[in-house]
Amino acid sequence: GGGSFMATFFGQVDDVKEGINGIKAATKRIHAITDERMLAVSNATEEQLSRELTPLVDKTNRRVKATKELLQRMSDETASAKGTVKQSEFRIRENLANTLMRKFGDVCKDYQREQQRYKSEIQKTVKRQLEIVKPDVTPDEIDTVLRNGGTSEVFRSAILKGAADPIKSAYADVADKYQDVLKLEQSVAELHQMFLDFALLTEQQGELLDQIEYQVKSAGEYIEDGNTDIQYAIQYQKEIRKRYCCLIVIILVI
Numbered sequence: 001g002g003g004s005f006m007a008t009f010f011g012q013v014d015d016v017k018e019g020i021n022g023i024k025a026a027t028k029r030i031h032a033i034t035d036e037r038m039l040a041v042s043n044a045t046e047e048q049l050s051r052e053l054t055p056l057v058d059k060t061n062r063r064v065k066a067t068k069e070l071l072q073r074m075s076d077e078t079a080s081a082k083g084t085v086k087q088s089e090f091r092i093r094e095n096l097a098n099t100l101m102r103k104f105g106d107v108c109k110d111y112q113r114e115q116q117r118y119k120s121e122i123q124k125t126v127k128r129q130l131e132i133v134k135p136d137v138t139p140d141e142i143d144t145v146l147r148n149g150g151t152s153e154v155f156r157s158a159i160l161k162g163a164a165d166p167i168k169s170a171y172a173d174v175a176d177k178y179q180d181v182l183k184l185e186q187s188v189a190e191l192h193q194m195f196l197d198f199a200l201l202t203e204q205q206g207e208l209l210d211q212i213e214y215q216v217k218s219a220g221e222y223i224e225d226g227n228t229d230i231q232y233a234i235q236y237q238k239e240i241r242k243r244y245c246c247l248i249v250i251i252l253v254i
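Residue numbers for the sequence shown follow UniProt numbering, so the first one is 1 and each next one is one higher.
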């Protein structure tokens with residue numbers, strides 16, 4: 001029935017909110033890791049931050065995927081229920097699902113942006129380190145070094161000429177950063193594919209409507225639906241006020 005339909009939906013809303021908040025927290029931590037790495041004065045600190053980054057990205061990518069799949073399921077279930085539940089309930093559910101999709105898309109973009117920022121800072125660091133070996137290093141050579149984990153001609157030629165300690169140190173640092181770059185490139189590629197899938201999902205939903213206006217209209221429909229039974233309408237209206245407040249709180253909290 002309608003009650004079960006909405007109860008299941010609100011449980012899914014809580015799960016999506018939890019997923020969104022988890023992605024937000026991970027994004028904030030990646031931002032902090034990037035800042036800490038920029039200020040790091042020892043290889044030990046950099047290595048510690050790198051060890052934290054990989055499992056954090058893996059866990060968050062799984063969370064992104066699970067949340068996207070849940071939103072897809074919510075969308076499918078809502079669409080299949082059209083015509084079998086009250087129009088007001090259907091519209092509330094459809095609109096709130098669209099709002100969650102939009103917020104999910106926003107936090108995922110922030111998450112992807114922070115990964116790109118971390119990668120960009122690594123590239124800047126590698127450039128500075130390569131300039132120790134070759135002051136006139138080119139962007140293509142930097143990219144080649146990153147993709148070969150330090151085992152590039154730039155380093156080989158420098159080592160053959162008699163590797164000084166700074167060159168050896170730069171080589172070790174670049175080799176360590178290689179895995180971070182690969183991890184983030186893989187992560188960003190996965191997110192890109194998710195965004196393509198997500199774009200199709202949100203496109204199917206049509207244009208987003210203003211959340212508050214939608215709820216006011218839906219509440220009015222609930223009252224109209226109850227005109228055939230006064231007592232039922234009074235009780236239903238009380239329930240809808242409660243749900244309406246919950247929806248507003250959910251929207252504000254997210």
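Ideal Cβ placement from N, Cα and C applies to all residues, glycine included.
Of the other Cβ atoms in all chains shown, 16 or more fall within 10 Å of the Cβ of residue 89; this residue is therefore buried. Taking every protein chain shown into account, the CB of residue 60 has 16 or more other CB atoms within 10 angstroms, so this residue is buried. Taking every protein chain shown into account, the CB of residue 43 has fewer than 16 other CB atoms within 10 angstroms, so this residue is exposed. The distance from the Cβ of residue 121 to that of residue 37 is about 7 Å, consistent with a contact at the 8 Å cut-off. Taking the C-beta atoms as reference points, residue 84 is found no nearer than 8 Å to residue 94. If you draw a straight line from the Cα of residue 50 to the Cα of residue 187, it comes to about 15 Å. Comparing alpha-carbon positions, the option among 53, 131, 140, 97 lying closest to residue 72 turns out to be 97. With contacts defined as CB atoms closer than 8 Å, residue 111 and residue 33 fail to qualify as a contacting pair. DSSP places residue 76 in the helix class (H, G or I) of the three-state scheme. Here DSSP, grouped into helix, strand and coil, assigns residue 26 to helix. Put simply, of 141, 45, 128, 100 the residue whose alpha carbon is nearest the alpha carbon of residue 17 is 100. Counting along the chain, the unbroken alpha helix (DSSP H) around residue 99 starts and ends at 87-133. In the structure shown, the three-state DSSP call for residue 15 is helix. In the assembly as shown, residue 131 is an exposed residue. Its beta-carbon has fewer than 16 other beta-carbons within 10 Å.
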